[in-house]
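Heads up: the structure comes next, in structure tokens.
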Amino acid sequence: MTADIEKEGQPDTKEDPQEKKVDIFDVVGGDGMWQRCIFLLVLFFTIPAATHNLVMSFFAPNLDHWCARPEGSNWTVEEWKAIALPEDKHCSRYKDVNISFPIDVNTTILRSEETISCDSWEYDTSFYTSTLLNQWDLVCSREWLVSLSKSVFMAGTFVSNLLFGQLADSLGRRPIITACCAITVFAAVICAFSTSFIMFIITRFFLSFGLAGVYNVSFVLCKYFLVYYDWRFYLATI
């Protein structure tokens, strides 16, 4: 009886595992200055993810183009389009065109109805002065390369999602985010000075590779460790 009484009088020193977990998060804190600084830093690096994803709309816009005039010719653009180009003026032209200058209402125009594909192009630069289209002639039979560049960019995101999630769990999120930021910066700088289309899509791959790593690892970091419980999902989504 005495032993039972003493046993009942002793306090229960066993802690509930769930309460211990909550105590750890309370020690870290949920809404301090450190968490806010980390959140703003992560936000600064993740904002470019959307801009780089949508930038191809400005790199390769819908740009009016037509077969280039022969070198040394004195055709105006309007005359060339009206006389030397068929209805599909973007990718083909008449094979032979004979005409006397100056052009007026009495000018005789001799041309064959046979058309050939363009070997060079001129572009409307009244709004977009420099794009991927006029830099590397990504039009007509080479137009598919624009879609290829977008696919390569998404491939970088896919590979990054497979790789950096596992590495962040094993090596820690801070070194992975730092490495991804470095990859993103170097790839973006090199991409801006690309001298060929191959160089451009390779650097775009690594740009997406680094951006996706920053975005996904930062999302987990903000959702579970950096913000107050009631707001963690919404701030991580931002």
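With the first letter of the sequence shown counted as 1, position 214 gets the number 291 in the numbering used here; the numbers rise by one all the way through.
Beta carbons: idealized from backbone N, C-alpha and C, even for Gly.
Within the same chain, Ser271 come within 6 Å of phenylalanine 277 by CB-CB distance, once the 5 residues on both sides are set aside.
If you ignore the 5 residues before and after tryptophan 198, its C-beta comes within less than 7 Å of the C-beta of His142, Trp143, Cys144, Ala145, Asp214, Val216, all in its own chain and listed in chain order. For the 8 Å CB-CB criterion, threonine 280 and isoleucine 260 do not form a contact. At a cut-off of 4 residues, the continuous stretches assigned as alpha helix (DSSP H) that sit fully inside the region 250 to 287 are 250 to 269. A straight line joining the alpha-carbon of valine 294 with that of alanine 245 spans about 7 Å. Here the alpha carbons of threonine 208 and proline 252 stand approximately 36 Å from one another.
In chain order, Arg146 place their CB closer than 7 Å to the CB of tryptophan 157, counting only its own chain and leaving out the 5 sequence neighbours on each side. Proximity to valine 132 across Ser226, Cys299, Glu155 peaks at Ser226, based on C-alpha coordinates. Inter-segment contact for the region 162 to 177 and the region 114 to 133 is absent: fewer than three beta-carbon pairs are separated by less than 8 Å. Here DSSP, grouped into helix, strand and coil, assigns arginine 219 to helix.
Between leucine 284 and tyrosine 205, the C-beta spacing is not below 8 Å. Rounded to the nearest angstrom, the gap between the Cα atoms of isoleucine 254 and serine 273 is 30 Å. Cβ atoms of threonine 192 and serine 169 come within 8 Å of each other, at about 4 Å.
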